[in-house]
Every structure is written in C-alpha cells, then in structure tokens.
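See structure below.
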Amino acid sequence: MYDWQIILCLPVGTSENGKEKIFTSSVTFSHGDTNAYMAVEKFNRAAIKDAFVTREVNVRINLRDIVNLHNCDGIKDISRVKQMKKKIDSGRHILQKDEIPNIKLVRAKTGEIIIFDGHHSMLAYMSSGKTYLDEIPYLFVSRTEGAISNEEILAFFGNHSYKIRPDKWKKYVVNWQAVPAYQLCLRIQNNMGELYNIIFGQISHK
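Residue numbering for the sequence shown follows full-length UniProt numbering, beginning at 1 and increasing consecutively.
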C-alpha cells in the first residue's frame with residue numbers, strides 16, 4: 001500500500017491565535033504512482049463530520065515564508081483576490097463547495113512549506129491582515145512518514161516536470177496562463193512575501 005496523510009486545518013478564532021482545529025485522514029493507494037493531487041482528490045470531506053481536535057501551534061509559520069509556485073505574472077485575476085478579501089473581511093473563509101480549503105500545502109525534505117494550490121486565496125488572506133498559517137484554513141498533504149520527495153514535488157509542474165532535475169525544482173515556477181512553450185519559467189519571487197509585495201499595489205489600486 002502507498003499512503004498519504006491529509007490534515008485539514010481550520011483557525012479557532014481571532015481570540016485564540018496560536019491554536020487550530022485539525023482533522024487527520026490517511027489516503028491509501030494500491031499502487032505507487034501517486035501524487036499530492038491524487039491524494040486530495042481521494043480525500044473524503046464528508047467523512048470528517050465533527051471529528052476535529054484543537055491543538056496548540058508550537059511554531060507559528062509566517063505566510064510570507066511559504067514557497068510559491070507562481071511568479072507574479074502567473075496570478076491571473078487580481079479582481080478575484082479583491083473579491084476574496086471582501087469575503088474574508090466580512091468574517092467568512094475561502095472554501096471550495098465541498099468545504100475543503102482552497103489553500104493546499106506540502107512540506108519539502110528541506111523543511112520548506114510549499115503552496116501548490118490556492119495562491120489567490122493566500123494573497124487575499126495576507127491582504128486582509130492575516131500573518132500566520134494558523135489564522136487561515138488550509139489542507140496539508142504529506143506522506144505518512146512526513147515530507148514529500150523532490151521527485152514528488154515535480155508533479156506540481158505538470159507536463160513540464162521531465163525538464164527539471166528533482167533537486168533543482170526551486171529554480172522554477174509555472175504560469176498556466178501562458179502558451180505551453182512558455183509555461184515553465186525561472187523563479188523570480190522566492191516566497192509568498194515577495195509575491196505579495198509585487199501584487200499588493202495591484203490589489204490596492206485596481
């Protein structure tokens with residue numbers, strides 16, 4: 001069996017920053033050719049019900065330190081970020097129809113946390129004043145033994161993964177808005193903080 005672990009995390013509330021509600025689930029495949037996208041697809045939100053537990057966050061993770069997979073030109077819709085910010089400011093969260101968080105993360109062997117889905121949502125939370133990961137809803141995907149391998153990170157580059165040496169993945173980002181020949185790009189912004197700094201002026205002035 002080939003197992004992944006998925007942790008669904010929800011903020012407890014502004015009065016209890018440093019705590020979050022979590023639900024942990026294992027996703028098992030009978031074959032080894034799997035990736036984080038497949039694990040999320042197989043994850044059953046309906047099975048969670050009220051099985052959340054509240055935990056203390058020992059080390060608070062700054063959203064700015066999370067590694068992005070898009071440069072600023074890969075953020076396709078600034079108006080969407082503005083709409084999300086309004087929703088967050090009104091006290092609601094950014095969730096999919098099945099109540100799974102838009103924001104999905106993995107941890108690399110180096111310890112770095114990577115956002116592989118939900119860049120727009122995270123930018124919206126940051127523009128709404130959120131600083132730490134425990135202040136927002138997210139899905140954390142890992143192998144049952146922990147961090148995912150460099151080879152598994154390449155799945156986030158889609159059809160371009162074969163062009164990248166596994167240990168050099170951090171040199172690249174993807175822009176799915178470009179024509180296929182130009183979708184794989186050299187990294188310019190190194191983390192969500194740098195990406196936010198570039199995007200923030202556009203959010204404020206559009």
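Note that the Cβ used here is the ideal one computed from N, Cα and C, for glycine as well.
The structure displayed is predicted, hence computed values, not measured ones.
| Check | Outcome |
| --- | --- |
| Reduced DSSP secondary structure (H/G/I, E/B, other) of Asn62 | strand |
| DSSP bridge partner residues for Trp4 (one or two, in chain order) | Val27 and Arg143 |
| Where the alpha helix (DSSP H) containing Leu184 begins and where it ends | From DSSP, Leu184 is part of no alpha helix (DSSP H) but of the beta strand (DSSP E) over Leu184 to Leu186. |
| Buried or exposed by the 16-neighbour rule on C-beta atoms within 10 Å, applied to Asn62 | exposed |
| Identity of the residues DSSP links to Lys19 by a beta bridge | Glu56 |
| Contact set for Gly74: own chain, Cβ-Cβ below 6 Å, skip 5 residues either direction | Asn175 |
| Selected residue, minimal CA-CA separation from Gln189, among Pro180, Gln183 and Lys171 | Lys171 |
| Outcome for Thr34 when other beta-carbon atoms lying within 10 angstroms are tallied against a minimum of 16 | buried |
| For Leu123, the first and last residue of its enclosing alpha helix (DSSP H) | His119 to Ser127 |
| Range covered by the alpha helix (DSSP H) that runs through Lys42 | Ala36 to Lys42 |
| CA nearest to the CA of Ile22, picked from Ala36, Glu41 and Val57 | Val57 |
| Alpha-carbon to alpha-carbon, Arg60 and Glu135 | 10 Å |
| Sub-8 Å separation of Phe140 and Leu105 beta-carbons | yes |
| DSSP state of Ala51 mapped onto helix, strand, coil | coil |
| Straight-line gap, Ile7 to Arg80 (C-alpha atoms, nearest Å) | 26 Å |
| Beta-carbon gap between Ile94 and Met84 smaller than 8 Å | yes |
| Simplified DSSP state of Leu69, which is helix, strand or coil | coil |
| Bounding residues of the alpha helix (DSSP H) (the contiguous stretch that carries Lys86) | Ile78 to Asp89 |
| Whole-angstrom distance between Val67 and Val40, CA atom to CA atom | 19 Å |
| Residue from Met126, Pro11, Lys42 and His31 with nearest C-alpha to Asp65 | Met126 |
| Strand pairing of Lys104, partner residues [DSSP] | Asp117 and Leu139 |
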